[in-house]
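Structure first, commentary second.
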Amino acid sequence: VPRRPTKVLAGGRIMTFLHNSYSAGIAGTETTGHAERGGYGGYVGAGPTNVRVKPGESSLEEMVKETRRGVLVTHASFFPNLVSGEFSTTVDQGFLIENGERKSPVKNAMVGGHILELFGKIESVSKEGRTIGKGHFFPAIKVSQAKIAGR
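The opening position of the sequence shown corresponds to residue -7 in the numbering used here, with each subsequent residue numbered one higher.
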(Lines of atoms letter the chains of each structure in order from A and count residues from 1; the text may use other names and numbers.)
(Lines give C-alpha, C1' and ligand atoms only; values in the text may rest on other atoms or scores of the structure.)
Protein backbone atom coordinates (compact mmCIF):
# COMPACT_ATOMS: atom_id res chain seq x y z
CA VAL A 1 0.00 0.00 0.00
CA PRO A 2 1.59 3.31 -0.99
CA ARG A 3 2.23 5.86 1.70
CA ARG A 4 0.30 9.10 1.24
CA PRO A 5 0.64 12.54 2.82
CA THR A 6 -1.43 12.64 6.00
CA LYS A 7 -2.18 15.70 8.13
CA VAL A 8 -2.07 14.35 11.67
CA LEU A 9 -2.37 17.64 13.59
CA ALA A 10 -4.01 20.93 12.63
CA GLY A 11 -4.79 23.89 14.85
CA GLY A 12 -3.55 22.01 17.90
CA ARG A 13 -6.01 19.14 17.36
CA ILE A 14 -5.42 15.52 16.37
CA MET A 15 -7.01 14.97 12.95
CA THR A 16 -6.13 11.31 12.40
CA PHE A 17 -3.63 8.58 13.26
CA LEU A 18 -1.03 6.88 11.08
CA HIS A 19 -1.89 3.28 10.25
CA ASN A 20 -0.41 0.25 8.57
CA SER A 21 -2.75 -2.51 7.35
CA TYR A 22 -2.68 -4.30 10.70
CA SER A 23 -3.43 -1.30 12.93
CA ALA A 24 -6.08 -0.05 10.48
CA GLY A 25 -7.84 -3.42 10.72
CA ILE A 26 -7.86 -3.25 14.52
CA ALA A 27 -9.11 0.36 14.49
CA GLY A 28 -11.73 -0.37 11.83
CA THR A 29 -10.38 2.25 9.43
CA GLU A 30 -8.31 2.47 6.24
CA THR A 31 -4.54 2.20 6.18
CA THR A 32 -2.57 5.38 5.52
CA GLY A 33 0.32 3.29 4.18
CA HIS A 34 2.67 4.14 7.05
CA ALA A 35 4.09 0.67 7.73
CA GLU A 36 7.60 0.87 9.13
CA ARG A 37 10.04 -1.69 10.49
CA GLY A 38 12.18 -0.72 13.46
CA GLY A 39 15.28 -2.36 11.97
CA TYR A 40 16.30 -5.77 10.69
CA GLY A 41 14.29 -8.37 12.56
CA GLY A 42 12.22 -5.67 14.27
CA TYR A 43 8.46 -5.55 14.45
CA VAL A 44 6.44 -3.73 11.82
CA GLY A 45 4.58 -0.76 13.20
CA ALA A 46 3.26 2.52 11.87
CA GLY A 47 5.53 5.54 11.73
CA PRO A 48 6.03 8.89 10.04
CA THR A 49 8.52 10.22 7.55
CA ASN A 50 8.94 13.83 6.48
CA VAL A 51 7.21 15.32 9.54
CA ARG A 52 6.77 19.06 8.93
CA VAL A 53 5.74 21.47 11.66
CA LYS A 54 4.38 24.70 10.19
CA PRO A 55 6.66 27.66 10.96
CA GLY A 56 5.27 30.55 12.99
CA GLU A 57 5.73 34.31 13.03
CA SER A 58 8.44 34.93 15.66
CA SER A 59 12.19 34.64 15.40
CA LEU A 60 13.94 32.45 17.97
CA GLU A 61 15.64 35.54 19.41
CA GLU A 62 12.26 37.29 19.82
CA MET A 63 10.96 34.24 21.66
CA VAL A 64 13.99 34.32 23.99
CA LYS A 65 13.59 38.07 24.63
CA GLU A 66 9.92 37.55 25.59
CA THR A 67 10.81 34.88 28.19
CA ARG A 68 11.10 35.97 31.83
CA ARG A 69 12.42 32.61 33.07
CA GLY A 70 12.78 29.40 31.12
CA VAL A 71 15.02 26.88 29.43
CA LEU A 72 15.99 26.94 25.76
CA VAL A 73 16.50 23.28 24.79
CA THR A 74 18.93 23.06 21.86
CA HIS A 75 19.54 19.29 21.89
CA ALA A 76 17.47 16.58 23.55
CA SER A 77 16.90 12.82 23.59
CA PHE A 78 13.15 12.23 23.25
CA PHE A 79 11.53 9.14 24.79
CA PRO A 80 7.77 9.01 24.14
CA ASN A 81 5.33 6.34 25.23
CA LEU A 82 3.46 5.95 21.95
CA VAL A 83 0.45 4.36 23.66
CA SER A 84 -0.16 6.72 26.59
CA GLY A 85 1.28 9.99 25.21
CA GLU A 86 3.55 10.42 28.23
CA PHE A 87 7.13 11.44 27.50
CA SER A 88 10.41 12.25 29.14
CA THR A 89 13.19 14.13 27.42
CA THR A 90 16.80 14.39 28.50
CA VAL A 91 18.07 17.92 27.92
CA ASP A 92 21.50 17.17 26.52
CA GLN A 93 22.22 20.81 25.78
CA GLY A 94 20.40 24.05 26.49
CA PHE A 95 20.48 27.42 28.20
CA LEU A 96 18.80 28.98 31.20
CA ILE A 97 16.88 32.09 30.12
CA GLU A 98 16.37 34.91 32.63
CA ASN A 99 14.78 38.26 31.79
CA GLY A 100 15.03 37.65 28.05
CA GLU A 101 18.71 36.70 28.00
CA ARG A 102 20.55 33.39 27.64
CA LYS A 103 22.45 32.80 30.85
CA SER A 104 24.21 29.64 32.00
CA PRO A 105 24.29 26.32 30.10
CA VAL A 106 21.79 23.62 31.11
CA LYS A 107 22.82 19.99 30.80
CA ASN A 108 21.43 16.66 32.04
CA ALA A 109 18.02 18.04 32.98
CA MET A 110 14.71 16.28 32.23
CA VAL A 111 11.48 17.57 30.70
CA GLY A 112 8.43 15.37 31.07
CA GLY A 113 4.67 15.28 30.83
CA HIS A 114 1.89 14.39 28.43
CA ILE A 115 2.22 15.41 24.78
CA LEU A 116 -1.42 16.56 24.48
CA GLU A 117 -1.06 18.80 27.55
CA LEU A 118 2.09 20.26 26.00
CA PHE A 119 0.20 21.08 22.77
CA GLY A 120 -2.25 23.10 24.87
CA LYS A 121 0.59 25.18 26.33
CA ILE A 122 2.16 26.35 23.06
CA GLU A 123 2.75 30.11 23.18
CA SER A 124 4.67 30.69 19.95
CA VAL A 125 6.45 28.95 17.08
CA SER A 126 9.57 30.30 15.35
CA LYS A 127 9.72 31.14 11.67
CA GLU A 128 13.07 29.37 11.31
CA GLY A 129 13.81 25.75 12.09
CA ARG A 130 16.01 22.81 11.23
CA THR A 131 15.66 19.56 9.33
CA ILE A 132 16.66 16.36 11.11
CA GLY A 133 16.36 12.61 10.62
CA LYS A 134 14.15 11.41 7.76
CA GLY A 135 13.37 14.89 6.43
CA HIS A 136 11.60 16.07 9.58
CA PHE A 137 11.39 19.89 9.87
CA PHE A 138 10.94 21.47 13.29
CA PRO A 139 10.86 25.16 14.22
CA ALA A 140 11.49 26.23 17.82
CA ILE A 141 8.32 25.90 19.91
CA LYS A 142 7.80 27.90 23.10
CA VAL A 143 5.57 26.31 25.73
CA SER A 144 4.52 27.60 29.13
CA GLN A 145 4.77 25.71 32.41
CA ALA A 146 6.69 22.67 31.16
CA LYS A 147 7.77 20.22 33.88
CA ILE A 148 11.58 20.43 34.18
CA ALA A 149 13.81 18.62 36.68
CA GLY A 150 17.54 18.98 37.20
CA ARG A 151 20.16 21.28 38.63
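All residues carry an ideal CB built from backbone N, CA and C; glycine is no exception.
Coil, strand or helix - residue i by DSSP
i    : result
E109 : helix
A27  : strand
Rounded straight-line distance, which links the Cα of residue j to that of residue i
i    : j    : result
R29  : N91  : 46 Å
G25  : F71  : 24 Å
A138 : T59  : 13 Å
E93  : G39  : 38 Å
E49  : G104 : 26 Å
Y35  : S13  : 14 Å
Proximity of residue i and residue j at Cβ, strictly below 8 Å
i    : j    : result
V65  : F129 : no
I114 : G77  : no
V83  : M102 : yes
T81  : S69  : yes
Outcome for residue i when other beta-carbon atoms lying within 10 angstroms are tallied against a minimum of 16
i    : result
R18  : The residue you asked about is not Arg; residue 18 is Ile in the sequence shown. It is exposed - the Cβ of I18 has fewer than 16 other Cβ atoms within 10 Å.
S118 : buried
Item checked: Start-end ranges of the alpha helix (DSSP H) lying completely within the segment 38 to 97, minimum 4 residues -> Entirely contained in the segment 38 to 97, the alpha helix (DSSP H) runs reaching 4 residues are, in chain order, 52 to 57.
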